[in-house]
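First the structure, in the form of structure tokens, and then the observations on it.
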Amino acid sequence: MTTEKIPKFGFIVHCRSMKELRLALLRYRLSPAAALPEPALKDYCLRQGIIQDIFTFDRVVSDTGAVCQGKAFCVFLAPDQFLDHQTRATELVVQAAQMAADWGAQMIGLGALCGVVGARGVAVAESCSAAVTTGNSLTVYASVLQFEKVMWRLGVDPHRQTIVIIGFPGSICLAITKMLHHRGHRLVVVSRQKTSFLQKFLDSIGAHDGSIQITHDIPSSLQHGKIIFSATSTGNLIDQRLLLPGSVVFDIAQPKDVIFSTTPRRDVLIVDAGLISLPRSTLRRYRYSGLLANDIPSCLGETMTLTFEQRWERFSMGRELSLEKIEEIGMLSRRHGFVFDNFRTFQKPIPSEAFDTTGQILNQPAP
Numbered sequence: 000m001t002t003e004k005i006p007k008f009g010f011i012v013h014c015r016s017m018k019e020l021r022l023a024l025l026r027y028r029l030s031p032a033a034a035l036p037e038p039a040l041k042d043y044c045l046r047q048g049i050i051q052d053i054f055t056f057d058r059v060v061s062d063t064g065a066v067c068q069g070k071a072f073c074v075f076l077a078p079d080q081f082l083d084h085q086t087r088a089t090e091l092v093v094q095a096a097q098m099a100a101d102w103g104a105q106m107i108g109l110g111a112l113c114g115v116v117g118a119r120g121v122a123v124a125e126s127c128s129a130a131v132t133t134g135n136s137l138t139v140y141a142s143v144l145q146f147e148k149v150m151w152r153l154g155v156d157p158h159r160q161t162i163v164i165i166g167f168p169g170s171i172c173l174a175i176t177k178m179l180h181h182r183g184h185r186l187v188v189v190s191r192q193k194t195s196f197l198q199k200f201l202d203s204i205g206a207h208d209g210s211i212q213i214t215h216d217i218p219s220s221l222q223h224g225k226i227i228f229s230a231t232s233t234g235n236l237i238d239q240r241l242l243l244p245g246s247v248v249f250d251i252a253q254p255k256d257v258i259f260s261t262t263p264r265r266d267v268l269i270v271d272a273g274l275i276s277l278p279r280s281t282l283r284r285y286r287y288s289g290l291l292a293n294d295i296p297s298c299l300g301e302t303m304t305l306t307f308e309q310r311w312e313r314f315s316m317g318r319e320l321s322l323e324k325i326e327e328i329g330m331l332s333r334r335h336g337f338v339f340d341n342f343r344t345f346q347k348p349i350p351s352e353a354f355d356t357t358g359q360i361l362n363q364p365a366p
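Have a look at this one:
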């Protein structure tokens with residue numbers, strides 16, 4: 000009797016906030032450290048380099064019949080530590096990736112800031128015995144597809160809207176800018192600072208006709224358009240009170256860019272962009288990272304798709320993503336049955352009335 004050999008993946012993540020870091024320490028019986036003041040706790044986590052296997056997908060089934068399994072490994076650092084201590088963060092991500100490879104993973108995905116440090120995954124890929132991807136290609140595909148589906152549901156022609164893109168020159172925002180410009184949309188790009196790279200990028204896509212405006216200020220950019228993509232590395236940048244009535248924000252970032260409010264506005268729509276669901280052929284219900292059953296980030300979906308395909312390659316890597324690969328991974332993921340239209344806001348289903356209200360405002364004639 001032969002035993003089925005199921006291809007394996009690993010997924011490397013980090014804590015999304017100091018609160019989540021403390022809870023993780025408590026869960027893994029490191030409670031004395033969890034009670035430390037924030038500066039001492041951060042120093043402790045940097046020194047100790049804690050990495051834990053935190054979640055197992057023991058059987059994920061594609062609509063094609065393919066099967067894979069995987070584990071998520073968490074680096075116990077807060078988001079700002081990844082940005083402030085990139086060398087140390089990269090070392091820990093490399094260690095976590097090798098832990099996944101030692102477990103048997105042949106494909107390893109890098110979640111959130113794990114895919115930003117180390118030259119956007121390149122250093123990790125060069126140091127790991129398994130194939131590595133940031134998963135950003137499917138994140139871009141999912142976000143743009145969800146934008147198109149939401150615009151259709153709202154009854155809005157996106158070509159009549161100005162689209163704001165926050166998070167330039169991150170790889171996700173670069174690719175979204177390129178895709179939407181090619182499709183003829185009016186864009187306002189928010190860049191942290193004016194650089195030679197910015198001008199070279201605009202020249203490379205032929206943006207000489209004024210179809211792309213540049214600004215360096217987030218609050219003012221929110222007054223230029225009502226359709227907003229946001230994918231920064233820092234999170235908590237967009238105050239809902241600054242959004243124009245009828246605004247639709249596709250929040251791709253982890254941690255989230257839109258600041259959560261206990262009294263959310265009813266005249267705007269915040270979409271958890273890049274969030275997808277496992278194929279319906281996967282009968283077991285997984286509750287990953289506090290999400291609704293079988294919801295996963297699309298970067299993890301790319302990792303699973305490549306594992307289904309048994310394509311052990313560096314698929315998404317570095318700052319500039321291939322538009323051809325973005326379309327390819329999107330088509331492959333849809334063939335395997337990943338679901339792209341279970342729309343969420345702050346990890347909860349978006350009610351129908353939220354679409355109705357926002358659509359009515361967006362479709363009102365300009366004064």
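Residue numbers (numbering that gives the first Met the number 0): 0 to 366.
For glycine and all other residues, C-beta sits at the position ideal for the given N, C-alpha and C.
Alpha-carbon to alpha-carbon, residue 128 and residue 328: Their Cα atoms are separated by approximately 23 Å.
Contact under 8 Å by Cβ, residue 296 with residue 274: yes
Contiguous beta strand (DSSP E) assignments of at least 3 residues, all confined to the segment 176 to 252: 185 to 190, 211 to 214, 226 to 229 and 247 to 250
If distances are taken between C-alpha atoms only, which option among 11, 351 and 219 comes closest to residue 236? 219
In three-state DSSP terms, what is residue 44? Of the three classes helix, strand and coil, the one that applies to residue 44 here is helix, per DSSP.
When the Cα atoms are used, what is the spatial distance from residue 161 to residue 42? 44 Å
Would you kindly work out how many angstroms separate the C-alpha atoms of residue 52 and residue 153, rounded to a whole number? 41 Å
Roughly how many whole angstroms lie between the Cα atoms of residue 242 and residue 216? 14 Å
Per DSSP, which residues does residue 9 bridge with? Please list them. 70 and 107
Decide yes or no for the touch test of the segment 113 to 120 against the segment 313 to 322: beta carbon pairs closer than 8 Å, at least 3 of them. yes
Straight-line Cα distance separating residue 239 from residue 124: 38 Å
For residue 1, which residues in the same chain have their Cβ closer than 6 Å to its Cβ, ignoring the five residues on either side in sequence? At residue 1 the pLDDT is 44, less than 50, meaning the model places this residue with poor confidence; the figure from the coordinates comes in the next sentence. So the list is empty, once near-sequence residues are dropped.
Helix or strand or just coil, what does DSSP make of residue 0? Here the model assigns residue 0 a pLDDT of 37, short of 50, so the residue's position is not dependable and the matter cannot be decided.
Could you check the C-alpha separation between residue 18 and residue 165 for me, to the nearest Å? 26 Å
State the Cα-Cα distance for the pair residue 58 and residue 203, rounded to the nearest angstrom. So the two alpha carbons sit approximately 43 Å from each other.
In this structure, what does DSSP give as the bridge partners for residue 268? Partner(s): 247.
Beta-carbon contacts of residue 209 that lie in its chain and below 6 Å, excluding the five residues immediately before and after: If we look at residue 209 and ignore the five residues flanking it on each side, it has no Cβ neighbours.
So, for residue 397: in the same chain, excluding its five sequence neighbours on each side, which residues have a beta-carbon less than 6 Å away from its beta-carbon? No answer is possible for residue 397: the residues shown for the chain start at 0 and end at 366.
Quick one: what's got a C-beta closer than 7 Å to residue 175's C-beta in the same chain, skipping five residues either side? These residues qualify, in order along the chain: 139, 142, 143, 164 and 228.
Who are residue 56's beta bridge partners in DSSP? 69
Span separating the alpha-carbon of residue 269 from that of residue 345: 8 Å
Quick check: the segment 53 to 72 against the segment 4 to 21, are there 3 or more CB pairs under 8 Å? yes
Taking the alpha-carbon positions, what's the residue 298 to residue 252 distance? 12 Å
According to DSSP, simplified to helix, strand and coil, what is residue 274? strand
Start-to-end residues for the alpha helix (DSSP H) that takes in residue 124: 121 to 126 is the extent of the alpha helix (DSSP H) around residue 124.
Checking 8 Å against the spacing of the C-beta atoms, do residue 113 and residue 303 come in under that value? The Cβ atoms of residue 113 and residue 303 lie no closer than 8 Å to each other.
For residue 56, I'd like the list of residues in its chain whose CB is within less than 7 Å of its CB, leaving aside the five on either flank, ordered along the chain. 68, 69 and 285
Cut-off 6 Å between Cβ atoms - residues of its own chain near residue 197, not counting five sequence neighbours on either side: 190
To the nearest angstrom, how far is the alpha carbon of residue 77 from that of residue 364? Whole-angstrom Cα-Cα distance: 45 Å.
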